Amino acid sequence: MVERYPRWQKATIKQLMLERRVLLLSGPRQCGKTTLARELESSETEYRTLDDGTLREAAENDPHGFIKRSARTLIIDEVQRVPSLLSAIKKAVDEDPRSGQYLLTGSTNIQSLPTVNESLAGRIAKIRLRPLTQGEIERTASRFIDSAFEQLFSRSHTHYDRDALLEIAFRGGFPEPMLLQDRGRKRWHTDYVNAILERDLK
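Under our numbering, residues 1 to 202 are what the sequence shown spells out, in order.
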């Protein structure tokens, strides 16, 4: 089981769901989008993933019916798998301007879909989720940016030595390989890169 880490953007997402009709959480595969979306589930949300073949077929056959909500917020995971849902969501939120209706997750390339940038302009807030930061991994608040702006940053700012910094760099921030040993972690990253290259070369 992959360990769960606190995500600093969780509070921002909750706030935006009170302000905007649609929120898109995008980012690279395996960076933790689905995990974070599931953590946001409550009695006021309904979760549907388009990784489920039956649900994906239902969404393709009837986009407008698929996005009907039985809860305040409908969470749709991997929305890029059925792009026609975005037009249906636009129509729905134009008819009902209440905030917090849809939380969508999708891979990074969803940002290039015309519907996101044109049809949903002004209706959608976007959050880019990246792999875990070192602060999230250590469960500590980071003041790196604040210190940099205050010109307090120096080599003494970090308590890591050279070997520790190299270990952090090679380990990366993807949640799944965190619990793997060196060889397994290297294999995971190799498979990840190969999968992306194979997809992009198709």
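In this text, a Cβ means the ideal position worked out from N, Cα and C, and glycines have one as well.
In this text the structure is predicted, and so the values were computed from the model without any measurement.
Pick from 70, 132, 129, 171 that is closest to residue 102, judged by C-alpha positions: 70
Limits of the alpha helix (DSSP H) - the one that residue 162 falls within: Here the alpha helix (DSSP H) through residue 162 covers 162-171.
Endpoints, beta strand (DSSP E) assigned at residue 48: 45-49
Sequence ranges, alpha helix (DSSP H) only - wholly within the region 71-131, length at least 4: With a minimum length of 4 residues, the continuous alpha helix (DSSP H) runs that stay inside the region 71-131 are 84-95.
Buried versus exposed call for residue 168 [16 or more other C-beta atoms within 10 Å across all chains shown]: exposed
Per-residue DSSP class, three states only, for residue 25: strand
Distance, residue 127 Cα to residue 107 Cα: 12 Å
Span separating the alpha-carbon of residue 173 from that of residue 97: One alpha carbon belongs to residue 173, the other to residue 97, and they sit about 37 Å apart.
Host alpha helix (DSSP H) of residue 205 (start-end): Residue 205 lies beyond the range of the chain shown here (1 to 202); nothing can be said about it.
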